Amino acid sequence: MRPKALLMALSVPIAGTASFVPPCRTLPSPTLLTRKAMGGPNMMHRADDADSNDFDDDTSETIDCDEAILSQQYNNRRSILSSFAAASALLGLPVSPAWAVKGAAEYDLEYYMRDLFMGNKREGNLPASNAPPPHPPRNLLGQLPPLLLDDELQSCIPIQELAKITNIPITTLSEQVASFRSKVQTAFRATHPWNEELVRDEYYFDLTCYALWRTASVAIPQFNQRDLFLRNIGRRLLSEIMSREMISKKSIETLNNNNNHKALTLTDTVPCIIEILTLFQSANYCTNYRLGDKNEIERTGLTVFDQLDDEEISSPTGGGSVNCLVSVFDPAALGGALQITGEGSRFAPDFVGPTLAAVWERVGGGEGVGTAVSVSFESYFVDPVYRPNPKDFFPNERFYQFTIARK
Numbered sequence: 021m022r023p024k025a026l027l028m029a030l031s032v033p034i035a036g037t038a039s040f041v042p043p044c045r046t047l048p049s050p051t052l053l054t055r056k057a058m059g060g061p062n063m064m065h066r067a068d069d070a071d072s073n074d075f076d077d078d079t080s081e082t083i084d085c086d087e088a089i090l091s092q093q094y095n096n097r098r099s100i101l102s103s104f105a106a107a108s109a110l111l112g113l114p115v116s117p118a119w120a121v122k123g124a125a126e127y128d129l130e131y132y133m134r135d136l137f138m139g140n141k142r143e144g145n146l147p148a149s150n151a152p153p154p155h156p157p158r159n160l161l162g163q164l165p166p167l168l169l170d171d172e173l174q175s176c177i178p179i180q181e182l183a184k185i186t187n188i189p190i191t192t193l194s195e196q197v198a199s200f201r202s203k204v205q206t207a208f209r210a211t212h213p214w215n216e217e218l219v220r221d222e223y224y225f226d227l228t229c230y231a232l233w234r235t236a237s238v239a240i241p242q243f244n245q246r247d248l249f250l251r252n253i254g255r256r257l258l259s260e261i262m263s264r265e266m267i268s269k270k271s272i273e274t275l276n277n278n279n280n281h282k283a284l285t286l287t288d289t290v291p292c293i294i295e296i297l298t299l300f301q302s303a304n305y306c307t308n309y310r311l312g313d314k315n316e317i318e319r320t321g322l323t324v325f326d327q328l329d330d331e332e333i334s335s336p337t338g339g340g341s342v343n344c345l346v347s348v349f350d351p352a353a354l355g356g357a358l359q360i361t362g363e364g365s366r367f368a369p370d371f372v373g374p375t376l377a378a379v380w381e382r383v384g385g386g387e388g389v390g391t392a393v394s395v396s397f398e399s400y401f402v403d404p405v406y407r408p409n410p411k412d413f414f415p416n417e418r419f420y421q422f423t424i425a426r427k
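Read in order, the letters of the sequence shown are residues 21 to 427 in the numbering used here.
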């Protein structure tokens with residue numbers, strides 16, 4: 021149909037619509053939709069509304085036929101003018117300011133007419149792009165990595181905690197992890213090739229973490245036990261870091277609450293948190309980290325908590341809570357965590373989250389580990405680059421949101 025014929029078709033009302041008048045009839049009051057007397061022809065409400073005075077109990081009234089004629093003509097005229105406005109916008113004709121604001125129907129008509137004559141740009145069927153080339157694998161260094169994983173899978177904290185919670189011998193668990201690792205290592209190596217088959221190699225460490233957590237998911241089917249397993253890794257790891265003096269003595273005294281007898285506060289923990297994050301970075305587990313919200317510079321690093329946060333947690337009158345954001349960039353277990361999440365599970369390898377949670381569990385409890393607060397956290401994966409294709413997702417950041425709440 022040519023544009024001129026299209027405009028003529030849109031400008032001619034359908035036969036019979038302008039002359040059709042609904043017959044006068046009686047409407048029962050309890051259920052039908054009616055028009056308020058002062059609201060105009062389009063102000064609709066339910067007749068059983070609490071403030072409605074249009075109907076009295078056990079009565080009914082007849083809609084005035086003149087009002088019905090006016091309403092019908094008004095609606096027909098509006099539909100024709102709206103269609104003309106949409107077609108005019110489509111063809112580039114000048115539109116009256118009275119029609120400048122379009123509703124959903126006008127937008128729909130314009131979309132379909134544009135698609136009919138010019139075609140809309142298609143985005144949904146684009147193939148996924150190739151992933152960026154992986155960086156060379158880092159070598160994990162220092163005292164921390166052997167606590168996370170060891171080559172024999174005998175002495176590291178995760179395998180020992182898994183044996184405790186499942187009552188399965190460590191040797192059996194080690195064999196299961198190694199067997200599963202051998203089955204999936206070809207697929208992992210295709211995208212992130214390692215230099216040596218040792219857990220000090222970042223990508224082989226990542227593969228082993230994936231195999232260990234997949235083995236744990238079979239051995240621990242209960243969700244509450246999985247959460248306990250992850251938290252016990254963090255608590256044990258924090259204890260080992262303190263006992264081996266991998267952080268400063270001042271931070272150890274703060275966490276043990278040996279320097280005074282008052283309850284540990286959130287602001288007291290900030291230097292300890294920074295030291296632990298720096299420990300992970302210096303071990304090459306991650307390339308960088310951020311404590312706090314990147315959009316609030318005054319609430320990052322050493323100033324992530326303030327006195328008001330301490331009062332929120334320590335107040336005896338209410339169950340206050342405080343949130344804290346932490347970002348870890350390029351963590352060594354990122355690939356395995358992404359793979360497990362893509363498989364539909366949230367039980368993914370993690371060391372930083374449970375360790376920081378173990379620090380904040382000590383808040384408000386006086387000496388030793390306290391029970392005054394509960395700590396929960398969620399983690400997300402962030403791709404810092406905007407990519408127009410929704411199928412492209414190449415994150416390098418694990419983003420944590422912690423909630424510390426008074427019990």
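For glycine and all other residues, C-beta sits at the position ideal for the given N, C-alpha and C. Predicted model only: the values in this text are computed from it and were never measured.
Segments of 4+ residues assigned as alpha helix (DSSP H) that fall wholly inside the segment 308-341: Whole alpha helix (DSSP H) segments, 4+ residues: 327-334.
Beta-carbon proximity check, valine 395 vs alanine 368, cutoff 8 Å: Residue 395 sits at position 375 when you count from the first residue of the sequence shown. Residue 368 sits at position 348 when you count from the first residue of the sequence shown. Valine 395 places its beta carbon 8 Å or farther from that of alanine 368.
Secondary structure of serine 149, DSSP reduced to three states: Your numbering for residue 149 matches position 129 in the sequence shown. When DSSP states are grouped into helix, strand and coil, serine 149 belongs to the coil group.
Inter-residue spacing [alpha-carbon to alpha-carbon] between asparagine 215 and arginine 158: Walking along the sequence shown from the start, residue 215 turns up at place 195. Walking along the sequence shown from the start, residue 158 turns up at place 138. Roughly 10 Å between the two C-alpha positions.
Those runs of the alpha helix (DSSP H) which lie wholly inside the segment 243-295 and span at least 4 residues: If we require 4 residues or more, the alpha helix (DSSP H) runs fully inside the segment 243-295 come out as 243-263, 269-276.
Glutamate 181 - DSSP class collapsed to helix/strand/coil: Position 161 of the sequence shown, counting from 1, holds the residue named residue 181. The answer is helix: DSSP assigns glutamate 181 an H, G or I state.
At least three beta-carbon pairs within less than 8 Å, the segment 188-203 to the segment 321-335: The answer is no - the segment 321-335 does not touch the segment 188-203, with fewer than three Cβ pairs under 8 Å.
Classification of valine 238 by the beta-carbon crowding that lies within 10 angstroms, buried from 16 upward: By 1-based counting over the sequence shown, the position of residue 238 is 218. Exposed, since its Cβ has fewer than 16 Cβ neighbours within 10 Å.
Best match in Gly384, Arg134, Cys176, Leu250 for proximity to leucine 286 [C-alpha to C-alpha]: One-based indexing of the sequence shown puts residue 286 at position 266. Measuring from the Cα of leucine 286, the nearest candidate turns out to be Gly384.
The beta strand (DSSP E) enclosing isoleucine 399, as first and last residue numbers: By one-based count along the sequence shown, residue 399 stands at place 379. For the sequence presented, residue 399 should be read as serine rather than isoleucine. Per DSSP, serine 399 belongs to the beta strand (DSSP E) from 393-402.
Glutamine 327 burial status per 10 Å Cβ neighbour count (16 or more: buried): Looking up residue 327 in the sequence shown gives position 307. Exposed, because fewer than 16 other Cβ atoms sit within 10 Å of the Cβ of glutamine 327.
Distance, arginine 382 Cα to tyrosine 230 Cα: What you label residue 230 is simply residue 210 of the sequence shown in a count that begins at 1. What you label residue 382 is simply residue 362 of the sequence shown in a count that begins at 1. One C-alpha to the other measures close to 30 Å.
CA-to-CA distance, phenylalanine 419 to alanine 148, given in whole angstroms: Taking the first residue of the sequence shown as 1, we reach residue 148 at position 128. Taking the first residue of the sequence shown as 1, we reach residue 419 at position 399. Their Cα atoms are separated by approximately 24 Å.
Three-state class that DSSP yields for aspartate 221 in the structure shown: Locating residue 221 in the sequence shown gives position 201, where the first residue counts as 1. Aspartate 221: strand per DSSP, three-state reduction.
At least three beta-carbon pairs within less than 8 Å, the segment 295-307 to the segment 265-272: With the cut-off at 8 Å, the segment 295-307 and the segment 265-272 touch.
Burial state of glutamate 172, where buried means 16 or more other Cβ atoms lie within 10 Å: Position 152 of the sequence shown, counted from the start, is the residue given in the question as residue 172. Here glutamate 172 is exposed, its C-beta having fewer than 16 other C-beta atoms within 10 Å.
Chain C contact for arginine 366 (CB, 8 Å cutoff): Any reference to chain C falls outside this structure, which holds one protein chain only.
Three-state secondary structure assigned by DSSP to glutamate 172: Translated into the one-based positions of the sequence shown, residue 172 becomes position 152. The answer is coil: DSSP assigns glutamate 172 none of H, G, I, E or B.
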